[in-house]
Each structure stands twice: as structure tokens, then as C-alpha cells.
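Engineer: Here it is, the structure, as C-alpha cells.
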Amino acid sequence: MNHRQISIVIPCLNVAGTLRRLVESLLMQELPEGVTLEIIAVDNGSTDGTADVLASLPVCRLAEPCRGPAAARNAGVRAAHGEIIVFLDADVRAADRHLIAEHLRILDERLEVGIAGGAITHDPEQRSLLAFAENATALFNWHDRLPARELTYQPAGNQAFRRNLFERLGALDETMFFLEDFEWSQRVVRAGHKIFFNPKAGVYITGREQLGAIMRKFYAWGLNVRGIYMPGRSGQVWLFRDHALLFLLNAPLRMVNETWVTVKRWFPVCPFKTLLLIPVYLFYRAAWAAGIAVGARRYFRARGQGGSAAPERCKEAP
2 MNHRQISIVI PCLNVAGTLR RLVESLLMQE LPEGVTLEII AVDNGSTDGT ADVLASLPVC
62 RLAEPCRGPA AARNAGVRAA HGEIIVFLDA DVRAADRHLI AEHLRILDER LEVGIAGGAI
122 THDPEQRSLL AFAENATALF NWHDRLPARE LTYQPAGNQA FRRNLFERLG ALDETMFFLE
182 DFEWSQRVVR AGHKIFFNPK AGVYITGREQ LGAIMRKFYA WGLNVRGIYM PGRSGQVWLF
242 RDHALLFLLN APLRMVNETW VTVKRWFPVC PFKTLLLIPV YLFYRAAWAA GIAVGARRYF
302 RARGQGGSAA PERCKEAP
């Protein structure tokens, strides 16, 4: 039996409250014979005791002074020894003992797949309605009641890929704090590979419980919509794509559309809660729409001045 190693890369920024349970859920994984795990946690400048938690866990600990999830993940991949890389966020935990085995199964059975994605579902142990609404709004395409299917984007909070693909296509874009995983997914698709969503490779995610932090997150996501997200969504309807003023009409229209999709995805799972939280979904999407408007204004201004509309980068991740 040949030995195979899988490297799990976890970017860490002030995650002392959730990191331990993620690592513990990984240590309980049931793996195919001959497969071992390497867990690499990359501290991205935490100030909340994350370093102390890391020191008590059986993981490979790295420090990455360049802030941002892309820089942290790149550092983890550079240090990894496995032929398969799994990206997980530090605020998730494995939904069961088969997370890693399911990722490996998809990559072994489907050679055309570049990224094996999995479910990212609100943690049933977290009772906060604000947190549920955050994750329902942000991750409506990736909850565990959805069918297995091909996608064009898989969040880096739960994805697996072959190391040689990463080496061939290049590292994540470290100039981006947000949508860096979307840009990476687009490179994978353009290179002719598939992204396959497998709900059996599931994680539970802990949402934010502070309204201000949630609103800042959605606003920041909106900033790169015109420059990064929209070009990769050619099948979506966007009005006046190249008109600096009229393009702003898209912000309220997309806010309503994305809220409708959130309700459509979640209503079959928990109808009462879904309907109850519609005003909250709209509130979160309003922050996203504001980010779209501000980011678009900057995008068109930079383009009008003959420069490149570089991705927005925030000083701190929310």
C-alpha cells in the first residue's frame, strides 16, 4: 500500500474560540488505508490568544506577517508536503468523520475535477439568528441539503485540490483580502478543469454575532464585484456594464435578486426561520450593495484615468 499524505492548510487570525474544535474534528477523521494528515495552521498576526491555542495542538505552526487569507494560505501550501491540499477556514469544523475521505474520493474518481468542494452549513450548535442569517445570505449555494453538482466557484473555506494544479496555475492573489478564492476558482475553470460540489464533504461554520462586523464583511465583499466578480459571471444579467453612472442601478437590483435566491435555497430546509429573517437578509445585502456602488465608482475612475482597476484591499479583515 502506497503512503499518501494530505495537507490541510488553515489561515488563522484571532480564532482562539473556534480553532481547537476544528483541529479536534480533523483528528477524528476516518481515512482510507495508507492516508495520513498534515495539519498546517498559519497565524496571520493574531492578538487574541490564538498562538497559545496553536501551541497546545498537534499541528505544524507557521507565522505569516503579510496580512490576508491569500498570503496565509500561500504560506501554508509552500510548507506542505502532501500531494493533496485542503483549504479550511478556522471558523469551521468537520460535519462528520468523512470530510477528508470524501474530498479524496472525488479527486480520485473524477480526474477532470480541479477543485473538490464541499458543503459549508451554519453550525446547528450556534443559536444566534444574526449568525444564521449571515451564513444563509453569504453561503446559500453551499449548504448540505443541496445536490452534488458542478459549480464555477467554491469558497476556500472548504475545498481540496491537487498540489500540482496549484503549482501550475500559480498562488492566490495576495493583493486581495476578499474574493481571492473566486479569482482562484476562475483560473481553475479557465484552465479547463471542473469544480465539483459534494455535499457529503461538509463542514459547519460559526457565524459572526456582532451586527457591525457582519455589515463590514458584506460591504467589503461588494467592493470587488465590478472588477473581479462580475467578469467571471458572464451568464448573469448586469445592466449598463460599462456606464459609470447607470451601472449603479445594479446595486439595488442585485440586492433584491440575491435575497430572493437566499430564500429559495433555504425555504425548503427551514421555512419559518427563512421567512422570518427576510428583513435581515435584505439589510445585509444593502451593505453589499453599498460596497458594489463604492467599488464600481473607484473602478470606473481608475479605468477613466488609464490605470488598472486594482482589487480593493482593506487594512484589516472584518
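Quick note: the sequence shown uses the working numbering, first residue 2, plus one each step.
No residue lacks a Cβ here, since even glycine has one placed at the ideal position from N, Cα and C.
Looking only at its own chain, which residues have a Cβ that is under 6 Å from the Cβ of GLU317, when we skip the five neighbours before and after it?
Structural biologist: With a pLDDT of only 41 at GLU317, under the threshold of 50, the placement of this residue in the model should not be trusted; the figure read from the coordinates follows. Nothing listed; no residue qualifies.
Engineer: Please state whether DSSP places CYS315 in a helix, a strand or coil.
Structural biologist: Per-residue confidence for CYS315 stands at a pLDDT of 46, beneath the threshold of 50, marking its modelled position as unreliable; the derived number appears in the next sentence. Note: CYS315 maps to coil in three-state DSSP.
Engineer: So, does the segment 189-205 touch the segment 260-280, judging by three or more C-beta pairs under 8 Å?
Structural biologist: The answer is no - the segment 260-280 does not touch the segment 189-205, with fewer than three Cβ pairs under 8 Å.
Engineer: Got a sec? Which residues, its chain only, sit under 7 Å from ALA76 by beta carbon, not counting five neighbours each side?
Structural biologist: These residues qualify, in order along the chain: VAL43, LEU63, GLU65.
Engineer: Go through its chain and collect everything with a Cβ distance to ALA287's Cβ below 7 Å, but skip five positions before and after it.
Structural biologist: For ALA287, where only same-chain residues beyond five positions count, the Cβ hits under 7 Å are MET256.
Engineer: Alpha carbon to alpha carbon, what distance is there between GLY171 and LEU1?
Structural biologist: What the structure shows of the chain is the stretch from 2 to 319, and residue 1 is not part of that stretch, so it cannot be assessed.
Engineer: Between the C-alpha atoms of ALA252 and LEU32, what's the straight-line distance to the nearest angstrom?
Structural biologist: The alpha-carbon atoms of ALA252 and LEU32 are separated by roughly 45 Å.
Engineer: So, helix, strand or coil for ASP49, using DSSP?
Structural biologist: Of the three classes helix, strand and coil, the one that applies to ASP49 here is coil, per DSSP.
Engineer: With DSSP as the reference, label THR37 as helix, strand or coil.
Structural biologist: Note: THR37 maps to strand in three-state DSSP.
Engineer: Which residue or residues does DSSP assign as beta-bridge partners of ASN199?
Structural biologist: Beta-bridge pairing links ASN199 to GLY119.
Engineer: Would you identify the three-state DSSP class for GLN187, choosing helix, strand or coil?
Structural biologist: Helix at GLN187.
Engineer: According to the neighbour-count rule (16 or more other Cβ atoms, all chains shown, within 10 Å of its Cβ), is SER26 buried or exposed?
Structural biologist: That one is buried.
Engineer: How is the beta strand (DSSP E) around SER57 delimited, first residue to last?
Structural biologist: It is not in any beta strand (DSSP E) - SER57 carries neither H nor E in the DSSP assignment.
Engineer: Return the CA-CA distance between ARG94 and ARG227, expressed in angstroms with no decimal places.
Structural biologist: C-alpha separation (whole angstroms): 32 Å.
Engineer: Hey, is the segment 55-62 in contact with the segment 109-128, meaning 3+ C-beta pairs nearer than 8 Å?
Structural biologist: Result no; under three Cβ-Cβ pairs closer than 8 Å.
Engineer: Indicate whether ALA1 and GLY50 have their beta-carbon atoms separated by less than 8 Å.
Structural biologist: Coverage of the chain is limited to positions 2 through 319, which leaves residue 1 absent and any answer about it impossible.
Engineer: Should ALA214 and PHE301 be called a contact, given that it needs their Cβ atoms to be closer than 8 Å?
Structural biologist: Not closer than 8 Å, so no.
Engineer: Inspect the beta-carbon positions of ILE41 and LEU23 and report whether they are closer than 8 Å.
Structural biologist: Cβ distance not < 8 Å, so ILE41 and LEU23 don't count as in contact.
Engineer: Suppose the cutoff is 6 Å on Cβ atoms and the five residues either side in sequence are ignored; what does the same chain contact list for ARG146 look like?
Structural biologist: The answer, listed in chain order, is VAL270.
Engineer: Please give me, in chain order, every unbroken run of the alpha helix (DSSP H) with length at least 4 that falls completely inside the segment 55-143.
Structural biologist: Fully enclosed alpha helix (DSSP H) runs of 4 or longer: 70-80, 100-110, 130-139.
Engineer: Going by DSSP, name the residue or residues bridged to SER8.
Structural biologist: SER8 pairs with GLU39, ILE86.
Engineer: So that I know if they touch, is there some Cβ in chain C lying closer than 8 Å to that of GLU135?
Structural biologist: The chain inventory of the structure shown lacks chain C, comprising one protein chain alone.
Engineer: Compute the distance between the beta-carbons of LEU108 and ASN159, then report whether it is under 8 Å.
Structural biologist: For LEU108 and ASN159, no; Cβs fall outside 8 Å.
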